[in-house]
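*Asks:* Sequential numbering from 36 applies to the sequence shown in the working numbering.
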Amino acid sequence: MPLVLWILGVMGLGWVWAGGGSLEQAPKPVQYRCADGFSLAVTYLEGGQLARFRYGGRTYTLRTALSADGARYVSGNLEWWTRGNRAFLATLRPDKILHRDCLAQ
């Protein structure tokens with residue numbers, strides 16, 4: 036019986052302990068497909084305060100920024116902006132949209 040409990044414990048390592056005595060699964064990425072065919076998997080962390088994704092061979096973690104509409108995330112020169120199930124990826128300097136009309140799948 037202890038072996039069975041140990042195996043079940045090892046299988047449960049994919050779960051993250053969240054305070055309050057409950058277990059939650061780690062956040063799952065949201066898949067976006069853009070008008071130009073580009074795909075991006077974005078994981079929203081810390082209650083939506085962070086957006087993490089791989090782009091151009093690097094992993095980026097962007098923080099929320101002031102936005103009049105939707106959710107805007109920035110880090111360095113990259114900007115990820117979402118509104119509902121739509122989004123776009125842009126650079127800040129120069130202000131250039133890299134991938135537009137991205138839809139959450």
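Ideal Cβ positions, reconstructed from N, Cα and C, are used throughout, including at glycine.
Can you tell me where the beta strand (DSSP E) with Asp130 in it begins and where it stops?
*Replies:* Segment: none, Asp130 is in no beta strand (DSSP E) and carries neither H nor E.
*Asks:* With a CB to CB cut of under 8 angstroms and the five nearest residues on each side skipped, what residues in its chain are close to Lys131?
*Replies:* So the qualifying residues of the chain are Ala125.
*Asks:* In the DSSP assignment, find the unbroken beta strand (DSSP E) run with Ser102 in it and report its ends.
*Replies:* That residue, Ser102, is in no beta strand (DSSP E); it is neither H nor E in DSSP.
*Asks:* Could you tell me if Ala100 is buried or exposed, where buried requires 16 or more neighbouring beta carbons within 10 angstroms of its beta carbon?
*Replies:* Ala100 comes out exposed.
*Asks:* For Glu114, is the classification buried or exposed, using 16 other Cβ atoms within 10 angstroms of its Cβ as the cut-off for buried?
*Replies:* Buried.
*Asks:* In the DSSP output, what is Phe73 paired with across the bridge?
*Replies:* None; Phe73 has no bridge partner.
*Asks:* Answer with buried or exposed for Leu97, where buried requires no fewer than 16 other C-beta atoms within 10 angstroms of its C-beta.
*Replies:* Answer is buried; the Cβ neighbour count reaches 16.
*Asks:* Thinking C-beta only, is Gln66 closer than 8 angstroms to Gln140?
*Replies:* A contact, by the Cβ cut-off of 8 angstroms.
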